[in-house]
Each structure stands twice: as structure tokens, then as C-alpha cells.
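For what it's worth, this note's numbering labels the leading residue of the sequence shown as 21, then goes sequentially.
Heads up: the structure comes next, in C-alpha cells.
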Amino acid sequence: MKRLYSAFLNTLRGFGYCLMHEAAVREEAILLVIAVPLGLFLAPGVGWYVAMIGSLLAVLAVELLNTSVEKLADHITRDWHVEIRRVKDFGSAAVFCALCFTGLIWLAAIALRLGLV
């Protein structure tokens, strides 16, 4: 039980730091807060709602991992280095893929809800 409590505190500390210092995480968290109630009206069903909100949680998770990689790379060296640049670009590309996936899910759900498909 103590380990779970410590893990929970670490999670809160990580979220708190990112929300205070990382604009991308803050923007995606705000989007999630807006999407939770909005999704209730837009989702064609419970499964769609889970997919819609789950995809946003996945975006947030990928963004947190990307932020972790960037912070670690900056800790190693602040000098410009081609390999570190590539690593950061890979993380950015991962976030982009997650955002595209989320967009597809939301567009499909809205199209289904509006009877367009």
C-alpha cells in the first residue's frame, strides 16, 4: 500500500510540474477537460465515448513521454547536437501521430452522430 501511495504522489508531482511549466501539456489537459463533458453529447455510444476520451489520454501520455525525453536531452547537454535534435524530432513526430489518431476518432464519431456516414 505504501508503494501505491508513493507512486500516486509521484504521479501528482509529475502532472503538477508539467502543468506549471509545459505549455503543450497544459493545452492538452485543457482540451481533455473540455472534451470529457462535450464527448458525452457528441459520442454516438458508450464505446465511442471511451475511444474519444481514451485517445485524448493517449495524446497526453505521449506528450508526457516526449517532454521527459526533451528534459533528459537538455540535461545531458544544452549544446546543439544532431543526434539529440533527431531524438527530440522523433518525440514530436510521435505526438503528431497521436494527435492525428485522436482527430480521426473524433471526426468519425461526429460524422456518425450527424448521420454523415
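C-beta: ideal position from N, C-alpha, C; glycine also.
Item: Take Leu90 as the anchor and find which of Ile104, Leu80, Trp100 has the nearest alpha-carbon.; Value: Looking at the sequence itself, residue 90 is Glu, so the reference to Leu does not match. Of Ile104, Leu80, Trp100, the residue nearest in Cα terms is Ile104.
Item: Are the beta-carbon atoms of Cys38 and Leu84 separated by less than 8 Å?; Value: yes
Item: Pick helix, strand or coil for His101, following the three-state DSSP scheme.; Value: coil
Item: CB-CB under 6 Å to Lys69, same chain, minus the five flanking residues each way: which ones, in chain order?; Value: With the sequence shown as reference, residue 69 is identified as Tyr, and Lys is not the correct amino acid for it. For Tyr69, where only same-chain residues beyond five positions count, the Cβ hits under 6 Å are Gly59, Ala63.
Item: Considering just the uninterrupted stretch of the alpha helix (DSSP H) at Val79, what are its terminal residues?; Value: 66 to 96
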